[in-house]
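**Q**
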Amino acid sequence: MLPDTDIDAAVQDGLGDWRPLFGTLAARFSTGDFSTGAAMVARIAEAADAMDHHPDVDLRYGFVEVRTWSHDVGGITRRDLRLARTISSIAADLEVEGVPARLQAVEWALDTWDLTEVKPFWAAVLGLQEADDDAVDPGGRWPSVWFQPTEQHSGAHLGAPRQRWHADVRVPPEAVEERMAAVIAAGGRLVSDDHAPAYWVLEDAQGNRACLTTWLGRGPGPAA
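In my numbering, each residue carries its 1-based index in the sequence shown increased by 571.
(1) Alpha carbons only, please: which of Trp684, Met572, Asp643 and Asp764 is nearest the one belonging to Pro709?
(2) Suppose contacts are defined by Cβ-Cβ distances below 8 Å. Is Val637 in contact with Ala598 by that definition?
(3) Is DSSP giving Ser660 helix, strand or coil here?
(4) Just to confirm, is the Cβ distance from Ala680 to Gln719 under 8 Å?
(5) Give me the DSSP bridge partner(s) of Leu783.
(6) Could you check whether the Cβ of Ala746 sits closer than 7 Å to any heavy atom belonging to the ligand SAM?
(7) Just curious, the beta strand (DSSP E) that Pro591 is in, first and last residue?
(8) At what residues does the beta strand (DSSP E) containing Asp796 begin and finish?
(9) Excluding five sequence neighbours on each side, which residues of the same chain lie with their C-beta closer than 7 Å to the C-beta of Glu745?
(10) I'd like to confirm the pairing. Which residues does DSSP put opposite Ala598 in its beta bridges?
(11) Which one of Met751, Thr595 and Asp651 has the shortest CA to CA distance from Glu774?
(12) Residues in its own chain within less than 8 Å of Arg780 by CB, not counting five upstream and five downstream?
(13) Would Ser601 and Val667 be called neighbours here (beta carbons separated by less than 8 Å)?
(14) Is the CB-CB distance between Gly665 and Ala619 below 8 Å?
(15) Name, in chain order, the residues that DSSP records as bridge partners for Asp629.
(16) I need the straight-line Cα distance from Glu701 to Lys690, nearest angstrom please.
(17) With DSSP run on the structure shown, which of helix, strand or coil describes Val667?
(18) Beta-carbon separation of Glu678 and Trp713 under 8 Å?
(19) Have a look at the DSSP bridge pairing and note the partners of Gln700.
(20) Taking the straight line between their C-alpha atoms, what separation do you get for Ser659 and Gln723?
(21) Pull up the distance between the alpha-carbon of Ala662 and that of Ile647, whole angstroms please.
(22) Name the two residues that bound the continuous alpha helix (DSSP H) containing Thr607.
(23) Let's test the definition: count the other Cβ atoms within 10 Å of the Cβ of Ile615 and tell me whether it reaches 16, buried, or not, exposed.
(24) Taking Ala753 as part of the alpha helix (DSSP H), name the residues at either end of that continuous run.
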C-alpha cells in the first residue's frame, strides 16, 4: 500500500480528478448524458482488461463515478495510480470533466471496548466481512463499520444515554467549508475542530453527532 504522502503527491501531479476516500481512489466525471457515460464506461472496461486491474464503476444519468483499490492488499497501490491516469486520459479524450468536490464516502463507527464481542454480530446482520477493526463489503457497495476503541461503560452515563454510533463522512478537503456551512445552516453546530484537518465533530439540535473527515493530517502511513 502507498503512504498518504505518495498519494497526495500523485493527486497534485496529474491526478487532479481523483481523491482518496477510505482506502480507495475515487473520481466523478460529469458526462452530461447517459450515452456519453456509457461510452466512457466501455473505454474504461477495455483499459481495465488490458491492465488486468478492474475498478468499480457507477454509471448514472449525467455522471460516471469510479473507485479503484488493490484488493490483494486492501488499499491504494501504484497499480491504482496507473489506472487512474489512464481513466483521466479517457475522460480528456471524451471531453468529460472531473468533479472531485462532489465525491464522498460514509462509514459507520461504533464505540466498543471489545470488538471481538460485537464485530461478528454486525458483520452477520449487515452481510459484511470481518477485516481487522472493521466490517466491510468486499464488493465496495455498502458502507463499512469501524469499531472505535473506547473505555468500558454502562448504557447510561451521568444520567444520560451515551452515544455509541456516529457517521464518519469522508469528503475532499476543498468540500469541507461548503459542507460545514450547510450543517450550520441546518441547525447543527461545530463541537470540536481540535483534530482538523483529519476530522471535525458536528452535532445536531438533539445532540446526535457525526464527523466530517478528510484524509489529511493522518500521518505518513497508508491512506485511511
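Don't be surprised by glycine CBs; every beta carbon is placed ideally from N, CA and C.
This one's a predicted model, so the numbers in the text were calculated from it and none came from an experiment.
**A** Quick answer:
(1) Asp643
(2) Closer than 8 Å, so yes.
(3) helix
(4) yes
(5) Val740 and Trp771
(6) Looking for the ligand SAM in the displayed structure turns up nothing, as the structure carries no ligands at all.
(7) Trp589 to Leu592
(8) Not covered by the structure: residue 796. The range shown for the chain is 572 to 795.
(9) Ala672
(10) Partner(s): Trp589 and Val637.
(11) Answer by Cα proximity: Met751.
(12) Gln734, His737, Val762, Val772, Leu773 and Glu774.
(13) In terms of Cβ geometry, Ser601 and Val667 form a close pair [threshold 8 Å].
(14) Sequence check: residue 665 is Leu here, not Gly. No, these two residues do not count as a Cβ contact at 8 Å.
(15) Under DSSP, the beta-bridge partners assigned to Asp629 are Glu636.
(16) 7 Å
(17) coil
(18) no
(19) Residue pairing for Gln700: DSSP places it in a beta bridge opposite Val707.
(20) 48 Å
(21) 21 Å
(22) Phe605 to Met622
(23) Buried.
(24) Counting along the chain, the alpha helix (DSSP H) containing Ala753 begins and ends at Val747 to Ala756.
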